[in-house]
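Protein sequences appear in the order of chains A and B. First residue of the first sequence: 453, per the working numbering; consecutive thereafter. First residue of the second sequence: 149, per the working numbering; consecutive thereafter. Built from N, CA and C at the ideal position, the CB exists for glycine as well.
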Amino acid sequence: EDKVVQSPLSLVVHEGDTVTLNCSYEVTNFRSLLWYKQEKKAPTFLFMLTSSGIEKKSGRLSSILDKKELFSILNITATQTGDSAVYLCAPFDFGNEKLTFGTGTRLTIIP
Amino acid sequence: NAGVTQTPKFRVLKTGQSMTLLCAQDMNHEYMYWYRQDPGMGLRLIHYSVGEGTTAKGEVPDGYNVSRLKKQNFLLGLESAAPSQTSVYFCASSYLQGAEAFFGQGTRLTVV
């Protein structure tokens, strides 16, 4: 059975801080890992990672995948109140054709 | 550009009633999915479709049925609602499996 563990479960930081969110996974037939941001409603896509060691970057957000150690991290620098959300990671297993979502990290940014 | 649209947005059902949730996408995506999201459980896949006329079971399919008669629409049915089906339901679509999935705004369903 595919497993995903995200840590920490929740995080409260001050505006301007840098945060690192963790995602470890066990997937039989790994193809990709996706990161999503969920505010009050629908998850919105952040990154898709398929190759180890290659950083994906978008503004203040960046993510990297380690396929050997089976984890990914999401970094947010110079955090803003708009970054407050639940961040979800989801590896894709092409054997059972399924994205398995973690329970997420709830990030709260204090002004 | 509407993306993925779900109807209704909210619904309250009595135990034993039936209903259908509609998902429509305008991106010409082959793959469509229905998830439920419960506190502490993350998003769990109910059913999915890899193309028009196809459906497949996901992680938690019991109590639900689906149909994909048209490529742009994916329907989720509850034949006899139970309180355990109280949840937020999300539909999503993607152009490839394992690639970026676009989500609808969700349907909050309460079964009393």
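For Glu549(A), the closest Cβ of chain B is nearer than 8 Å. For Thr531(A), the closest alpha carbon among the candidates Leu463(A), Phe499(A), Ser459(A), Thr496(A) is that of Leu463(A). Between Leu461(A) and Leu473(A), the alpha-carbon positions lie close to 9 Å from each other.
Collapsing the DSSP output to three states places Asp535(A) in a helix. Secondary structure at Gln165(B): coil, using DSSP grouped into helix, strand and coil. For Ile506(A), no beta strand (DSSP E) encloses it, and the DSSP letter there is neither H nor E. Between the segment 480 to 487 of chain A and the segment 537 to 557 of chain A, the count of C-beta pairs closer than 8 Å reaches three or more; the two stretches touch.
The beta carbon of Ser476(A) lies closer than 7 Å to those of Val457, Leu522, Phe523 in the same chain, with the five residues before and after it left out.
Here Met500(A) is buried. Its C-beta has 16 or more other C-beta atoms within 10 Å.
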